[in-house]
Amino acid sequence: MFRGGESSLCPKAFDALFELGKAAHEGFASPLNCQLLGRQGAKFCSLFPDTDSPFGSLGDFFHIDLMQYPGGWVLNPPFEEILLRATARRVVDILDESERGAFWFFLIFPYWTDCDGWQILDESEWKVDRIDVKPNQLGFQDCYGSPFTTQVKVSLFAMGEPPDSVNLAKLWDAMRMDARERWK
Numbered sequence: 045m046f047r048g049g050e051s052s053l054c055p056k057a058f059d060a061l062f063e064l065g066k067a068a069h070e071g072f073a074s075p076l077n078c079q080l081l082g083r084q085g086a087k088f089c090s091l092f093p094d095t096d097s098p099f100g101s102l103g104d105f106f107h108i109d110l111m112q113y114p115g116g117w118v119l120n121p122p123f124e125e126i127l128l129r130a131t132a133r134r135v136v137d138i139l140d141e142s143e144r145g146a147f148w149f150f151l152i153f154p155y156w157t158d159c160d161g162w163q164i165l166d167e168s169e170w171k172v173d174r175i176d177v178k179p180n181q182l183g184f185q186d187c188y189g190s191p192f193t194t195q196v197k198v199s200l201f202a203m204g205e206p207p208d209s210v211n212l213a214k215l216w217d218a219m220r221m222d223a224r225e226r227w228k
């Protein structure tokens, strides 16, 4: 079983999330790998605010006042169960505490149905949609920017209340293309 994946979605998937999903904030990034940096209204969180804040980091996703940054968020945490559980709890807590429609989240989790974090999202009243993507159907890139398709099944969750203009079927289709096609 694959654990600890710390890869980013491919740039075209982030294009779809920004343009079709209206998501302008990234929860797990750095100035070197933030895919939304430079886009209008985009913000990102990173583990090292002391060194990353000059480049626009808001700080650690788990420790910032998220209520100050409403809107759409992309969350692709490292595939570690402790982080997946903490991410899922944070998302549900924010949705419970915020005004309806203020936040929506797109989460990329491994398809680990026995993982607490996956179960929290899947059983939440805030789940709008979930699709499970088979191996080799979702483009990622490693820390060097080299493209690959995931070798594990992943779940894409939509949580909260995305704007009415967000067509989830179109968004999921735009993200699910073969990685080789996405870099052409």
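Here our numbering is used: the first residue of the sequence shown is 45, the next is one more, and so on.
C-beta atoms are modelled at their ideal positions from N, C-alpha and C, and glycine is treated no differently.
What you are looking at is a predicted structure, and each value in this text was computed from that prediction instead of being measured.
Neighbour-count burial assignment, residue i, 16 or more Cβ in a 10 Å radius
i	result
Asn180	exposed
Pro206	buried
Gln84	exposed
Lys214	exposed
Asn120	buried
Lys178	exposed
Ile126	exposed
Test item: CB-CB of residue i and residue j under 8 Å
i	j	result
Gly116	Cys89	no
Ile164	Val196	no
Ile129	Gly161	According to the sequence shown, residue 129 is Arg rather than Ile. Yes, they are a contact pair.
Gly103	Pro114	no
Phe123	Ala202	no
Phe32	Ser52	The structure shown does not extend to residue 32, since the chain spans only 45 to 228, so no value can be given for it.
Leu182	Val118	no
Leu80	Phe58	yes
Cα-Cα separation between residue i and residue j, rounded to whole angstroms
i	j	result
Leu64	Lys171	18 Å
Thr131	Phe106	8 Å
Lys56	Glu143	31 Å
Ser199	Ile175	6 Å
Phe147	Leu212	16 Å
Gly82	Leu139	27 Å
Gly189	Arg220	18 Å
Asp173	Met111	23 Å
Thr194	Ala218	16 Å
Glu141	His69	19 Å
Asp208	Asp109	26 Å
Gly145	Leu76	31 Å
Ile152	Glu167	16 Å
Glu169	Thr95	37 Å
Nearest-angstrom beta carbon gap, residue j and residue i [assumed within contact, 8 Å]
i	j	result
Cys78	Pro191	Contact doesn't hold; Cβ gap of about 17 Å is too wide.
Met210	Lys66	Residue identity differs from the one stated: residue 210 is Val in this sequence, not Met. Between Lys66 and Val210 the Cβ distance is about 6 Å, and since that is below 8 Å, they are a contact.
Practice item. Decide yes or no for the touch test of the region 153–160 against the region 97–116: beta carbon pairs closer than 8 Å, at least 3 of them. Key: no
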